Structure formats: C-alpha cells, structure tokens
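The structure appears below as structure tokens.
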Amino acid sequence: MNFASDNWAGAHPQIAEALTNNAGGYASAYGTGDLDRQVERIFCDIFERDVAVFFVGTGTAANSLSLAWAAKPGGVAFCHTEAHAIDDEGGAPEYLTGGARLKGVAGPLGRMDPNALDVAIRAHPAEFVHAGQPMAASITQATEIGTLYSLEEIEKIAGICREADIPLHLDGARFANALVALETTPAEMTWKRGVDIVSFGGTKNGCWCAEAIVVLDPAKVGQMHFLRKRAAHLFSKSRFIAAQFEAYFRDDLWLKTAQHANAMAADLASAISAADGTRLAWQPQANEVFALMTAEKAKTLQAAGAKFYPWKPPLSFTSEVSAGEVLHRFVTSFATERSEIEAFRQALNG
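2 is the number of the first residue of the sequence shown in our numbering; add one for each residue after it.
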C-alpha cells in the first residue's frame with residue numbers, strides 16, 4: 002500500500018529492458034547519436050510540429066533551465082504561490098537564472114488565477130527599473146495538488162503573457178497524467194493554447210531518470226544549448242535518456258501508464274469517500290488524492306502498512322475542517338496494483 006509518491010516507484014519493465022538493450026556497443030556522445038535523433042523526431046511527431054528537445058536528468062533542471070532560457074536582467078517570473086518552482090526547488094531557479102525572482106500569484110486549488118496574473122505583471126512595468134521586468138510565467142500541469150488547468154484556462158493565461166510579451170512555461174512533471182485526464186493531445190495542451198516551452202517529465206511515470214526541455218518553436222532556442230551545458234546537464238551518454246524515452250513512447254506506453262495511475266487514484270478516492278472517518282478534501286483529477294482524517298486514523302492506516310504523508314493545506318482551501326482533522330496526500334503510479342487499493346479499503350474499514 003505504497004501511496005507515498007510516484008517518485009518512489011521504480012522503472013517500468015519495458016523501460017528497464019530498453020536501458021539494458023542499449024548498454025552495449027558504441028554510440029556517438031552528447032546527444033548526437035542515432036537514437037537521440039530518433040527520439041527527437043518522435044517528440045516532433047507527438048507535438049505535431051518541429052520542436053527542439055534538450056534531455057536533462059531532473060525536473061528541477063528542466064524547470065530552472067526553462068526559466069533561465071527566458072531570463073532578463075532584473076527578471077521576474079510569475080507562478081502559482083504554491084508552485085513547485087517556489088516551494089520545492091531549493092532555490093535552483095533563482096540560482097540558474099542568475100538571480101531572477103519568482104513572484105507568487107494566487108489562485109484556487111493550485112491553479113494561477115488569470116486576472117491575478119494580469120495584475121501581478123502590471124505591477125512590474127518594464128520601464129520602471131526599480132521593480133524589475135517581467136520575464137516569464139509558469140504553470141504546473143497537473144498542479145501540485147492534483148488539479149488541472151482546462152485548455153481554455155491555459156489559453157487565457159497565454160493571452161495575458163502575449164500582451165506582456167513574455168513566454169509561458171509549462172511544468173509537466175506529470176504531463177502524461179494531465180494529458181489523459183483531459184483526453185487531449187500534447188499539441189492541444191501546449192503550443193495550440195500558447196505555451197512556449199515545456200518541462201516534459203518521464204521519471205514520475207515509469208522512467209528511471211528521464212526529463213526533457215521542449216522548446217516548441219526551434220527558432221526560439223536561443224542560448225539553451227549553453228545553459229544546459231553550464232548547468233552540468235549535458236549528458237555524455239545521453240543514449241540512456243533517449244533509450245528510456247524511446248520505450249516510453251513505443252506503443253503509447255506513456256499514455257497507458259498514466260491512465261493506470263489515474264484510474265488507481267480514482268479507485269483510491271472512492272474507497273476514501275465511502276469509509277467512515279475519512280473524506281476527500283477535493284476531487285482528484287490526475288494521480289494525487291488529498292484526504293482529511295484524524296492523525297490517529299492516519300497512524301492506524303500506516304501501522305497496517307500504508308505509506309502516505311500529511312500535507313500542508315493550500316492557502317485557497319477554505320472548506321471547514323473539523324477539530325483534529327489533518328490533510329494527507331496519497332499518490333498512485335504506474336506500479337500501483339489493484340490489490341493495494343483493496344488492502345487499503347479493508348484497512349479503512351477494519
């Protein structure tokens with residue numbers, strides 16, 4: 002009953018096999034090999050246009066380098082108040098951008114409010130040197146609390162960015178989970194809505210260590226080659242990232258694993274809703290479930306073998322919380338088995 006994090010799950014067997022199959026022999030280094038090029042073409046096919054792909058090893062690198070790509074002197078990047086970039090990157094975006102500031106923008110349940118974004122951008126007019134200048138906005142899809150931006154919401158935010166002449170970044174650590182939940186395509190969720198650059202995550206969805214920065218217009222690559230090298234994320238044996246992505250995309254494995262994770266989350270949410278003494282804090286939309294229960298109930302479940310964490314309530318969470326109730330997070334993954342859900346259901350009702 003491991004619902005601690007999708008980062009805890011290992012590699013999907015097909016991805017592990019791909020690593021083994023590509024372990025022997027020789028291949029051109031630093032992203033110049035045949036497999037690297039093949040995977041770049043697959044990314045272009047998936048996004049339905051030519052894109053520029055930069056493999057990196059972590060989501061932190063993908064997010065931070067995406068913002069570094071957009072950086073300006075005195076730059077200000079706008080993201081949700083509780084975005085991963087603000088709360089969980091350990092200062093890496095500020096460091097790799099050379100001192101840019103991250104400006105938190107409020108919004109309901111993990112989603113940045115477009116009107117609040119517009120106000121925040123206007124508070125930093127480019128001609129007022131003392132305030133710094135807007136350089137980018139960043140949204141997380143799926144958000145830190147398992148909610149989703151609709152395509153219309155993405156488009157509205159992108160429109161505000163266009164008016165301010167700044168790019169829109171999408172943190173897609175759980176890109177596939179959001180994609181299948183919305184029943185849409187990568188193109189429809191990104192560049193067709195106005196997104197400029199994507200942190201494309203594979204690690205949480207079955208890869209071993211595979212993330213990519215996708216610049217959706219190759220003509221706007223700018224200094225990304227040098228930024229990645231300077232940040233120590235130009236892998237010499239990049240075929241091992243390419244091999245993971247090749248297996249990830251083959252026969253739509255990435256969509257199947259995300260669909261499975263989301264389905265397990267829906268089943269878990271159903272079990273929590275039906276049990277006495279536990280309730281959903283809000284409806285899950287991807288593979289994260291947030292529930293309210295007493296600390297004593299949580300300890301009982303953990304003693305039965307369930308792994309999950311207490312979680313800080315979002316600032317926008319205004320529902321009434323009973324005395325003693327604590328918010329907890331549960332995350333499912335490609336590796337979650339239905340037997341784990343059933344065992345948890347029994348522990349809930351035991």
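Backbone N, C-alpha and C define an ideal beta-carbon position, used for all residues, glycine too. In this text, all values refer to a predicted model and were calculated from it rather than measured experimentally.
- When C-alpha distances from L103 are compared across G133, P109, I146, L328, the shortest belongs to G133.
- Annotation: the continuous beta strand (DSSP E) that includes C80 extends over 76-81.
- Secondary structure of S274 (DSSP, three-state): helix.
- Of the residues L217, T144, A174, M190, the one whose Cα lies closest to the Cα of S200 is A174.
- In this structure, DSSP gives A124 a state outside helix and strand, which the three-state scheme calls coil.
- Counting the other Cβ atoms within 10 Å of the Cβ of R231 gives fewer than 16, which makes it exposed.
- Spatial neighbours of I43 in its own chain (CB-CB distance under 6 Å, excluding positions within 5 residues in sequence) are listed in chain order as F250.
- For R102, the enclosing beta strand (DSSP E) starts and ends at 102-106.
- For M190 and L180, the gap between their C-alpha atoms comes out near 7 Å.
- Between I161 and R194, the alpha-carbon positions lie close to 12 Å from each other.
- Partner residues in a beta bridge of V40, as assigned by DSSP, do not exist.
- In the displayed model, S29 falls within coil according to three-state DSSP, outside both helix and strand.
- The alpha-carbon separation between L254 and A19 amounts to approximately 13 Å.
- Nearest to F318 by alpha-carbon distance, out of R112, G32, D7, L235, is R112.
- For the pair A62 and H234, the CB atoms are nearer than the 7 Å cut-off.
- Of all alpha-carbon atoms in A10, A5, F4, M2, the one lying nearest the alpha-carbon of K205 is that of A10.
- The distance from the Cβ of M136 to that of A72 is about 6 Å, consistent with a contact at the 8 Å cut-off.
- Here N288 is near N178, since their CB atoms are less than 7 Å apart.
- Secondary structure within the stretch 308-346: not one fully enclosed alpha helix (DSSP H) run of 4 or more consecutive residues is present.
- By the Cβ-count criterion, H226 is exposed, with fewer than 16 other Cβ atoms from all chains shown falling within 10 Å of its own Cβ.
- When secondary structure is reduced to three states using DSSP, H170 falls in the strand class.
- Taking 7 Å as the cut-off, the beta carbon of D7 is found no closer than this to the beta carbon of V290.
- A direct Cα-Cα distance of roughly 11 Å separates A84 from L171.
- In this structure, L66 lies away from R280, with their beta-carbon atoms at least 7 Å apart.
- Taking all protein chains in view, the Cβ of N64 is crowded by 16 or more other Cβ atoms within 10 Å, so the residue is classified as buried.
- When DSSP reads this structure, I198 sits in a beta bridge with H170, V216.
- Uninterrupted beta strand (DSSP E) stretches at least 3 residues long and entirely within the stretch 132-177 occur at 134-141, 169-173, given in chain order.
- Put simply, the backbone Cα of E164 is about 12 Å away from that of A138.
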